[in-house]
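What follows is a short report on a single structure.
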Amino acid sequence: MDQLSFEDLKALAQIFVGQLLQADFKAAASRFDDQMKSVFSEDKLEESWKNMVIEAGNLLQLMPTQTAEAEGYKIVFIKCQFQRVDIDVQVVFNNQGQISGLNFVPVQMIYNPPEYADESSFHEVDVTIGEGKWALPGTLTLPNGSGPFPGIVLVHGSGPNDRDETIGPNKTFKDLAWGLASKGIAVLRYDKRTFKHAKQLTVDLIENMTVKEEIIDDALLAVQIMYQIDSIDPKRVFLLGHSLGATIAPRIGQQDPQLAGLIIMAGITRPLEEAILDQFTYLYSLADAMTEQQKAELETLKEKVARLKDPKISDNISPQDLPLGIPVAYWKDLRDHNVSDAVKKLDMPILVLQGERDYQVLETKDFEAWKLALSQSTNAAFKLFPKLNHLFIEGEGKSTPQEYMIEGHVDEDVINTIARWIGSIENN
Numbered sequence: 027m028d029q030l031s032f033e034d035l036k037a038l039a040q041i042f043v044g045q046l047l048q049a050d051f052k053a054a055a056s057r058f059d060d061q062m063k064s065v066f067s068e069d070k071l072e073e074s075w076k077n078m079v080i081e082a083g084n085l086l087q088l089m090p091t092q093t094a095e096a097e098g099y100k101i102v103f104i105k106c107q108f109q110r111v112d113i114d115v116q117v118v119f120n121n122q123g124q125i126s127g128l129n130f131v132p133v134q135m136i137y138n139p140p141e142y143a144d145e146s147s148f149h150e151v152d153v154t155i156g157e158g159k160w161a162l163p164g165t166l167t168l169p170n171g172s173g174p175f176p177g178i179v180l181v182h183g184s185g186p187n188d189r190d191e192t193i194g195p196n197k198t199f200k201d202l203a204w205g206l207a208s209k210g211i212a213v214l215r216y217d218k219r220t221f222k223h224a225k226q227l228t229v230d231l232i233e234n235m236t237v238k239e240e241i242i243d244d245a246l247l248a249v250q251i252m253y254q255i256d257s258i259d260p261k262r263v264f265l266l267g268h269s270l271g272a273t274i275a276p277r278i279g280q281q282d283p284q285l286a287g288l289i290i291m292a293g294i295t296r297p298l299e300e301a302i303l304d305q306f307t308y309l310y311s312l313a314d315a316m317t318e319q320q321k322a323e324l325e326t327l328k329e330k331v332a333r334l335k336d337p338k339i340s341d342n343i344s345p346q347d348l349p350l351g352i353p354v355a356y357w358k359d360l361r362d363h364n365v366s367d368a369v370k371k372l373d374m375p376i377l378v379l380q381g382e383r384d385y386q387v388l389e390t391k392d393f394e395a396w397k398l399a400l401s402q403s404t405n406a407a408f409k410l411f412p413k414l415n416h417l418f419i420e421g422e423g424k425s426t427p428q429e430y431m432i433e434g435h436v437d438e439d440v441i442n443t444i445a446r447w448i449g450s451i452e453n454n
């Protein structure tokens with residue numbers, strides 16, 4: 027048998043990584059040579075891969091392959107860019123094109139602080155949110171000095187998020203914490219329950235989970251911690267929600283009227299399923315023309331969204347028949363809590379921020395709806411940032427998911443806007 031070329035091996039390596047990403051470990055392990063099979067079983071492959079990616083987040087993209095040769099073996103390197111970490115998959119091939127060696131190497135991305143962060147003006151301490159099975163590690167960023175300082179609790183968007191709300195090289199919550207602490211505001215951020223305790227989430231727990239268990243319960247506990255810290259003024263503790271965290275912030279405000287105010291960053295007011303459909307429609311429209319597969323996927327998504335509009339939808343419907351494979355209990359809970367109705371009932375200051383280039387949360391549909399819902403409020407403030415995307419990072423032209431892989435920082439104007447607004451609340 028002729029030796030396979032590097033181009034052949036690149037293709038084999040890409041198929042292998044694809045099988046790992048699709049959790050087809052039987053097919054992936056069948057590519058091992060006899061020696062690999064004896065030391066790296068299918069079960070061990072599955073365990074190793076799942077342990078590696080469980081905290082990595084969503085796959086963002088696969089980078090071009092690289093190759094090397096050592097001691098008669100050919101090696102193909104494929105970089106997988108996940109939400110919070112890059113993983114280099116190193117696949118070693120023998121002369122017959124079988125896999126003789128395998129290595130997963132996580133590559134932590136270095137955080138380069140924004141220029142507006144003055145690291146000499148604050149310090150950080152570890153905290154724990156809650157206790158027992160669902161306890162969460164967090165970081166409190168405290169201005170230097172005795173205070174008392176105003177404080178902010180940061181509440182994540184959808185999906186498993188770490189305390190920094192890491193997406194590629196960008197860390198929205200770390201930027202906010204360091205930027206605001208540099209201006210004398212204490213900030214608490216923490217790992218989300220679905221990130222820290224992903225392994226403990228059984229099928230039954232997932233099927234019955236709502237945003238209460240996913241987000242709200244832990245946010246309320248985090249706020250209680252801020253009330254109890256000596257250097258923080260308990261009458262000036264605010265809650266900042268981003269994305270889904272912003273959408274449910276009014277529900278948190280209803281449950282804790284002691285909060286000094288809410289900061290809404292890119293929160294949807296529409297039903298989540300409608301926002302998801304709009305997002306996919308937008309993303310598929312970025313190319314000159316939709317492929318037949320994209321058209322089919324869009325039609326399937328429309329059918330799933332339509333099912334959620336049925337007021338008599340069954341509790342037993344399969345998650346696979348609903349958008350993103352999310353169980354029906356989650357959708358019903360969101361449907362039962364109208365965002366605009368909830369925010370109208372609040373008697374606390376509210377600041378609503380929106381990036382005009384955000385394709386996930388829309389200025390024309392969501393930001394305007396916040397303004398309408400709060401039109402009778404004397405405690406509401408709004409600001410639109412023309413050049414900012416969903417992460418509140420500046421860019422040009424149409425925003426795309428690939429833009430999230432470009433290192434940037436929360437715009438300084440966002441930091442200043444929040445700090446000024448909190449200062450105005452203090453002076454009232």
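Whatever position you read off the sequence shown (first residue = 1), add 26 for my numbering.
The beta-carbon is built from N, C-alpha and C at its ideal position, and this holds for glycine as well.
From a predicted model like this one, the values you see are computed outputs, not experimental measurements.
- In this structure, the alpha-carbon of residue 187 lies about 23 Å from that of residue 211.
- In this structure residue 143 is not in contact with residue 154, their Cβ atoms being roughly 25 Å apart against a cut-off of 8 Å.
- Under the DSSP assignment, residue 117 falls in the beta strand (DSSP E) whose first and last residues are 112-119.
- The alpha-carbon separation between residue 168 and residue 286 amounts to approximately 18 Å.
- Rounded to whole angstroms, the gap between the alpha carbons of residue 200 and residue 273 is 21 Å.
- Rounded to whole angstroms, residue 58 and residue 78 show a C-alpha spacing of 20 Å.
- Within a 10 Å sphere around the beta-carbon of residue 102 sit 16 or more other beta-carbons, which makes this residue buried.
- A contact is defined here as three or more CB-CB pairs under 8 Å, and the stretch 116-131 fails this definition with respect to the stretch 205-221.
- Runs of alpha helix (DSSP H) with 4 or more residues, each lying fully within the stretch 185-221, are found at 198-207, listed in chain order.
- The stretch 402-409 and the stretch 365-383 touch, with no fewer than 3 CB-CB distances between them shorter than 8 Å.
- If you look at residue 107, you'll find it in the beta strand (DSSP E) that goes 99-108.
- At the C-beta level, residue 418 and residue 235 stay beyond 8 Å of one another.
- Of the candidates 179, 193, 435 and 334, the residue whose Cα lies closest to the Cα of residue 253 is 179.
- For the 8 Å CB-CB criterion, residue 51 and residue 128 do not form a contact.
- The Cβ neighbour count for residue 229, taken over all protein chains shown within 10 Å, is under 16; the residue is labelled exposed.
- Per DSSP, residue 271 is one residue of the alpha helix (DSSP H) stretching across 270-273.
- Looking from the CA of residue 358, the closest CA among 164, 297 and 289 belongs to 297.
- Minimum Cα-Cα distance from residue 147 among the listed residues 141, 334, 171 and 319 corresponds to 171.
- Cβ-Cβ separation between residue 131 and residue 113: approximately 7 Å, consistent with a contact (criterion under 8 Å).
- Non-local beta-carbon contacts of residue 410 in its own chain, meaning distances under 7 Å to residues more than five positions away in sequence, involve 380, 382, 389 and 393 in chain order.
- In this structure, the beta-carbon distance from residue 88 to residue 181 does not fall below 8 Å.
- Between the beta-carbon of residue 107 and that of residue 431 there is about 6 Å, and that keeps the pair under the 8 Å contact cut.
- If you draw a 10 Å sphere on the C-beta of residue 351, you find fewer than 16 other C-beta atoms in it, and that means exposed.
- Short of 7 Å from the beta carbon of residue 400, and not among the five residues preceding or following it, lie these beta carbons of its own chain, in chain order: 369, 376 and 406.
- If you check the CB distance, residue 277 and residue 242 come in under 8 Å.
- Beta-bridge analysis with DSSP links residue 87 to 107.
- Burial check for residue 356: the Cβ neighbour count within 10 Å reaches 16 or more, so the residue is buried.
- Nearest Cα to residue 193 within the set 427, 60 and 240: 427.
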